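Residue numbers (the working numbering), protein chains in the order written: chain P, 151 to 480; chain A, 151 to 480.
The structure under discussion appears below in the form of structure tokens.
2 protein chains.
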Amino acid sequence: MKNLLIAASAVKRLATQLANFTDKVNLFEMQADGSVTHGGEPVSLADIDIHCGWLSSDIMAAKLTRDYAISLLKSSTLEWVQSLSAGLDDPFFTKLAEKGIRLSNSDAQAPAIAEYVVASVLQRYQGFDIRKQFQNDAKWQANDFKEIYNSNWLIIGLGNIGQLVADRVTAFGGNVTGVKRDPNRANDYPLIGFDNINANLAQQDVVVLACALTADTRDLVDQAFLAQMKPDAIIVNIGRGDLVKEDELLIALDKDAIDFAVLDVFRTEPLPEKSRFWNHPKVLVTPHSSNRGLGTDSRGDSLFLANLDAYINNKVLKNEVNTTELRPAV
Amino acid sequence: MKNLLIAASAVKRLATQLANFTDKVNLFEMQADGSVTHGGEPVSLADIDIHCGWLSSDIMAAKLTRDYAISLLKSSTLEWVQSLSAGLDDPFFTKLAEKGIRLSNSDAQAPAIAEYVVASVLQRYQGFDIRKQFQNDAKWQANDFKEIYNSNWLIIGLGNIGQLVADRVTAFGGNVTGVKRDPNRANDYPLIGFDNINANLAQQDVVVLACALTADTRDLVDQAFLAQMKPDAIIVNIGRGDLVKEDELLIALDKDAIDFAVLDVFRTEPLPEKSRFWNHPKVLVTPHSSNRGLGTDSRGDSLFLANLDAYINNKVLKNEVNTTELRPAV
Chain P
151 MKNLLIAASA VKRLATQLAN FTDKVNLFEM QADGSVTHGG EPVSLADIDI
201 HCGWLSSDIM AAKLTRDYAI SLLKSSTLEW VQSLSAGLDD PFFTKLAEKG
251 IRLSNSDAQA PAIAEYVVAS VLQRYQGFDI RKQFQNDAKW QANDFKEIYN
301 SNWLIIGLGN IGQLVADRVT AFGGNVTGVK RDPNRANDYP LIGFDNINAN
351 LAQQDVVVLA CALTADTRDL VDQAFLAQMK PDAIIVNIGR GDLVKEDELL
401 IALDKDAIDF AVLDVFRTEP LPEKSRFWNH PKVLVTPHSS NRGLGTDSRG
451 DSLFLANLDA YINNKVLKNE VNTTELRPAV
Chain A
151 MKNLLIAASA VKRLATQLAN FTDKVNLFEM QADGSVTHGG EPVSLADIDI
201 HCGWLSSDIM AAKLTRDYAI SLLKSSTLEW VQSLSAGLDD PFFTKLAEKG
251 IRLSNSDAQA PAIAEYVVAS VLQRYQGFDI RKQFQNDAKW QANDFKEIYN
301 SNWLIIGLGN IGQLVADRVT AFGGNVTGVK RDPNRANDYP LIGFDNINAN
351 LAQQDVVVLA CALTADTRDL VDQAFLAQMK PDAIIVNIGR GDLVKEDELL
401 IALDKDAIDF AVLDVFRTEP LPEKSRFWNH PKVLVTPHSS NRGLGTDSRG
451 DSLFLANLDA YINNKVLKNE VNTTELRPAV
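Written as structure tokens, this is what we have:
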């Protein structure tokens, strides 16, 4: 038997599916107040050997992430954790890696984030604001619009998310170049390494930051980077705020060195009220919510259940992270 | 030698490319005022045998379409016409067909229209208006959004345009069913016939009208059609206004029988100022301009030049219309 620490609300939602694991998994349910129950009775985690965990959206939504992470890290028997996110720059994951605990990240949010990225660029290209104005004025006037067709995209980081962005852009007839740490591995798309980014920026209409935050990628987008971009280029950050030197991005936007920034992540989150990004006419701000597609949670549930089954049966986990390659973000 | 009637502005733009045809094609240039010149000298079309024509965007933009069409139809030697549009419901084309004149339509606008369709649905799904409001208020608040991923699309008419819409939707993980006159021909997508549309509407999240206007498709979208649609479904019309009974669409929108209508074409164009579509909160109106992507004209130029070469050399024309199948729209 394996002991699973799981959000009580997730147990309620997935009661039918979890019933299949009754003789293999004991459920320890974290309630909304952070307390833990087993079979309806309160228990103390100090008395329990936890073997596996699922950092689900329930835990995040209930603001239990810290309690939950601490509980898992305290258990000397921990073997596997399923994360709800793609990024692994949180120190929690580094600690798991140090302890040799298996870790699988999530691609459940990838389709949602890919839609957000393409939609945000189309939003800028199509001119819906102008259209709305003409419509309000009952004015039969056309607007010419930029096309993704034949545009050039540099997708920095071709993981689960970057790959889906690339597939969608390609279907529109756009041209994709990917950036990966090892650009020599086989891929569907032409690849360059991180050291060749700046030399390739002058051709790019859209630059998407979809890479992990590591000591190497921190501050990747700085004055030198932005200076290579085209004045009509768009930058999209759905990775991490620390990938971008925000002051230098603001300067580039102010002097029209680039056309637009789509920013879902920031160095400080929530974005401080005094940030100039909020009311900058060339910036779309969203609150780290590009993952909030209505299908993300059910895809996350399916991934967890499939991986729970794989874990129990000693099979390969989907999205298992090679934790020996996990690189610190600082 | 073949005599080509062509817009003077097109000759100017494509001077280099047309130079390759000097010993095979005589250029008769229609000026902005409708007069025609040859080698810089005014000529009367009554004295000239015209063999081929190109109804280009230049002709449209200069509002010379009627003059141009009449000039072509008067010529007893006419052999081939290249159109700039996909639709062939204008009586001009029926007349050409009756005379047995070769006709090629255009797919140059298809990538632009496909982007417009997907962008308009994403515009509705993503909630950019709410995002903008939150941003204006410096409010760190997420919005959940609908996804194309796993949504169901019925694409009525899988010609050049419908096909490109289908490819893009599929790349997003959406499910496409196509409607064709002959649903038994092989296709990349599952097909149904026009007589099965209503029975399939209840499953559809998005319905796209991308079919030709014929006597059979006129008034296709009526009360019975709309009554089968889901209350959260979107209808997109980039075909022809006469495909839709507009009064019945307005009633369906008013009583929330469907969620939204994206309308680029109307029964009367320009859309009359008094039309309720202009200020309906559940309608996006654009002025027959979904083709106005910035790449459309150069794709149209390339298509014309390739087909001029094919015509001169008795080769197969790209997008040649089987005019024996051309069905009247009335």
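Just so it is clear, CB atoms sit at the ideal spot from N, CA and C, and this is done for glycine as well.
Remember, predicted model here, so these are calculated numbers, not experimental data.
Closer than 9 Å to chain P by CB, residue i
i, result
"Q273(A)", "yes"
"S159(A)", "no"
"R442(A)", "yes"
"Q285(A)", "yes"
"P261(A)", "yes"
"T320(A)", "yes"
"A288(A)", "yes"
For residue i, the three-state DSSP class (helix, strand or coil)
i, result
"N350(A)", "helix"
"L363(A)", "coil"
"G343(P)", "coil"
"L155(P)", "strand"
"V267(A)", "helix"
"G450(A)", "helix"
"F410(A)", "strand"
"E484(A)", "Residue numbering for chain A in the displayed model covers 151 to 480; residue 484(A) lies beyond these limits and cannot be assessed."
"E419(A)", "coil"
"I384(A)", "strand"
"L434(A)", "strand"
"F375(A)", "helix"
"Q259(P)", "coil"
"P333(A)", "coil"
"K162(P)", "helix"
"I220(P)", "helix"
"R368(A)", "coil"
"D239(A)", "coil"
"L476(A)", "coil"
"K245(A)", "helix"
Which listed residue (the options) has its alpha carbon closest to that of residue i
i, options, result
"P241(A)", "D382(A), G391(A), T364(A), I401(A)", "T364(A)"
"A377(A)", "T327(A), A349(A), N310(A), L222(A)", "A349(A)"
"C361(P)", "P333(P), L399(P), D397(P), G309(P)", "G309(P)"
"G324(P)", "N441(A), K249(A), W303(A), E265(A)", "E265(A)"
"A321(P)", "D369(A), P261(A), Y339(A)", "P261(A)"
"T367(A)", "D404(A), A479(A), S256(A)", "A479(A)"
"Q353(P)", "D173(P), P340(P), W303(P)", "W303(P)"
"A258(P)", "A456(P), N463(P), L214(P), V466(P)", "A456(P)"
"F375(A)", "E396(A), L314(A), N337(A)", "E396(A)"
"H201(P)", "I306(P), G190(P), L223(P), K468(P)", "L223(P)"
"S256(A)", "S425(A), D332(A), N469(A)", "N469(A)"
"N472(A)", "A182(A), R163(A), L246(A)", "L246(A)"
"G443(P)", "T172(A), M379(A), N293(A)", "N293(A)"
"R163(P)", "D459(P), R216(P), F454(P)", "F454(P)"
"L434(A)", "L403(A), R449(A), E297(A), A460(A)", "L403(A)"
"S301(P)", "G312(P), A316(P), K289(P)", "A316(P)"
"H438(P)", "T418(P), S159(P), D239(P)", "T418(P)"
"R252(A)", "G203(A), N286(A), A288(A), Y299(A)", "G203(A)"
"D183(A)", "N176(A), S235(A), S159(A)", "S159(A)"
"R426(P)", "L421(A), A336(A), V358(A), N286(A)", "N286(A)"
Residues sharing a beta bridge with residue i, DSSP
i, result
"P192(P)", "T187(P)"
"T327(A)", "L304(A)"
"S254(A)", "Q232(A), E470(A)"
"M210(P)", "None, per the DSSP bridge assignment."
"T204(A)", "Sequence check: residue 204(A) is Trp here, not Thr. DSSP output for W204(A) lists Q232(A) as bridge partner(s)."
"F178(P)", "L155(P)"
"V358(A)", "I305(A), V386(A)"
"G443(A)", "F295(P)"
Chain A contact for residue i (CB, 9 Å cutoff)
i, result
"Y266(P)", "yes"
"L206(P)", "Before going further, note that residue 206(P) is Ser rather than Leu in the sequence given. Cβ-Cβ to chain A under 9 Å: no for S206(P)."
"Y520(P)", "Any answer about residue 520(P) is impossible in this case: the structure gives chain P only from 151 up to 480."
"K296(P)", "yes"
"Q353(P)", "no"
"Q276(P)", "yes"
"P381(P)", "no"
"R335(P)", "no"
"A360(P)", "no"
Contact belief for residue i with residue j at Cβ below 8 Å, rounded distance in angstroms
i, j, result
"D414(P)", "P381(P)", "Not quite, the Cβ-Cβ distance comes to about 23 Å (not below 8 Å), so this is no contact."
"K432(A)", "F410(A)", "5 Å"
"F284(P)", "Q273(A)", "About 15 Å; that fails the 8 Å criterion."
"I305(A)", "S440(A)", "The pair is not a contact, with the Cβ atoms about 15 Å apart (cut-off 8 Å)."
"V186(A)", "L195(A)", "6 Å"
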